[in-house]
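Asker: Take any residue in the sequence shown, count from 1 to its spot, add 1296: that is its number in the working numbering.
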Amino acid sequence: MTVGRTLLKSLLAAALLAAGLQAARADEWRTTSSLIGESKYGANFQHYDYVNPNAPKGGTLNSVVPGTFDSFNPYVVQGSPAAGLVGFGGGLLYDTLMEQATDEGSTSHPLIADAYKYPDDYSSATYRLDPRAKWHDGQPITVDDVIWSFQVLKANSPQYSRYFENVTDAVAISDREVEFHFNQKGNRELPKIIGDLAVLPKHWWEGADANGKKRDVTKPTLEIPLGSA
1297 MTVGRTLLKS LLAAALLAAG LQAARADEWR TTSSLIGESK YGANFQHYDY
1347 VNPNAPKGGT LNSVVPGTFD SFNPYVVQGS PAAGLVGFGG GLLYDTLMEQ
1397 ATDEGSTSHP LIADAYKYPD DYSSATYRLD PRAKWHDGQP ITVDDVIWSF
1447 QVLKANSPQY SRYFENVTDA VAISDREVEF HFNQKGNREL PKIIGDLAVL
1497 PKHWWEGADA NGKKRDVTKP TLEIPLGSA
């Protein structure tokens, strides 16, 4: 009986320890999203290897893009948007939650978000916004911006609707944290996929232009948009 009770206590202790470790992993904030192993960049790296932090700043860059455009809104099927404004790896206009490294495949690092986490079954992902993230008008990028952007892009952009087809909704956890829910478990790519979400300024798109006309994120526009700072 004594041996049996000792064995039972040991098994219970092991089960409790395992549960505690699983909870700890589920609550662990991460600063690198990688599908192929550990990133060569540490948690607090200052710049990518392909970036010169001492490069001279200033001057003019002239580039040529074939074709033409009639819109600065690249998320709708109407019109021909200007090239280079956005992209899954970043763009000239809106930043994403995470930034894909160009020298490591399937690896992303914080951009608008400063960390993220997910449970062991990959059924959701929580992103924490960097308090320094702002728009060019000085207003902070908020959880409300993130949720609104997800809803707008999934509803109006065929590309994003397909890309985020396994992401069911986004909910605010706190003033800096947003949680995305997935319609399947065990897919380790989904937390990384939602990190490619471009975040748009809700307050700007729901406001009015200089002529007092209400903006419409579902329509083309040639008004110079408000972007990420």
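Even for Gly, the Cβ is constructed at its ideal location relative to N, Cα and C.
Here the structure is a predicted model, which is why all the values come from computation and not from measurement.
1) Would Glu1249 be called buried (16 or more neighbouring beta carbons within 10 Å of its own) or exposed?
2) At a cut-off of 8 Å, is Asn1340 close to the ligand COA when judged by its beta-carbon and the heavy atoms of the ligand?
3) With DSSP as the reference, identify every bridge partner of Arg1458, one or two as the case may be.
4) Looking at chain C, is there any beta carbon in it that lies within less than 9 Å of the beta carbon of Lys1353?
5) Beta strand (DSSP E) containing Val1463: first to last residue?
6) What's the call for Leu1317, buried or exposed, on a 16-neighbour Cβ count within 10 Å?
7) Are the beta-carbon atoms belonging to Ala1466 and Gln1447 less than 9 Å from one another?
8) At which residue ranges does the region 1388-1474 contain complete beta strand (DSSP E) runs of 3 or more residues, listed in the order of the chain?
9) Skipping 5 residues on each side, what residues in its chain have a beta carbon closer than 8 Å to that of Arg1472?
10) Using DSSP with H/G/I as helix, E/B as strand and the rest coil, what is Pro1487?
11) With a CB to CB cut of under 7 Å and the five nearest residues on each side skipped, what residues in its chain are close to Asp1433?
12) Does the Cβ of Phe1286 have 16 or more other Cβ atoms within 10 Å, making it buried, or fewer, making it exposed?
13) Three-state secondary structure (DSSP) at His1343?
14) Provide the residue span of the alpha helix (DSSP H) that contains Trp1500, from first to last.
15) Given a cut-off of 9 Å, decide if Ser1404 and Ser1329 are closer than it, judged by their beta-carbon atoms.
16) Whole angstroms is fine: what's the gap from Gln1480's alpha carbon to Ser1419's?
17) Do you know whose CA, among Ser1359, Ser1376 and Pro1415, lies nearest Asp1323's CA?
Answerer: Reading from the atomic positions:
1) In the structure as shown, the chain starts at 1297 and stops at 1525, and residue 1249 therefore has no counterpart that could be examined.
2) Looking at this structure, you won't find the ligand COA or any other ligand, since it has none at all.
3) Partner(s): none; Arg1458 has no beta bridge.
4) In the structure shown, chain C does not exist; there is a single protein chain.
5) The continuous beta strand (DSSP E) containing Val1463 extends over residues Val1463 to Ala1468.
6) Note that Leu1317 has pLDDT 38, beneath the 50 cutoff, so the model's placement of it is unreliable and the number below is only indicative. Answer is exposed; the Cβ neighbour count stays below 16.
7) Taking C-beta atoms as the reference points, Ala1466 and Gln1447 count as a pair closer than 9 Å.
8) Annotation: the region 1388-1474 contains the following complete segments of the beta strand (DSSP E) (minimum length 3 residues), in chain order: 1394-1396, 1403-1406, 1409-1413, 1420-1425 and 1463-1468.
9) If we look at Arg1472 and ignore the five residues flanking it on each side, its Cβ neighbours are Arg1424, Leu1425, Pro1427 and Val1439.
10) Helix, per DSSP.
11) If the five residues before and after Asp1433 are omitted, its C-beta is found closer than 7 Å to the C-beta atoms of Leu1522, all from its own chain and listed in chain order.
12) Not covered by the structure: residue 1286. The range shown for the chain is 1297 to 1525.
13) Looking at His1343 - three-state DSSP - the assignment turns out to be coil, as it is neither helix nor strand.
14) Residue range Lys1498 to Trp1501 is occupied by the alpha helix (DSSP H) that includes Trp1500.
15) Yes, they are a contact pair.
16) Put simply, the backbone Cα of Gln1480 is about 6 Å away from that of Ser1419.
17) Comparing alpha carbon positions, the residue from Ser1359, Ser1376 and Pro1415 closest to Asp1323 is Pro1415.
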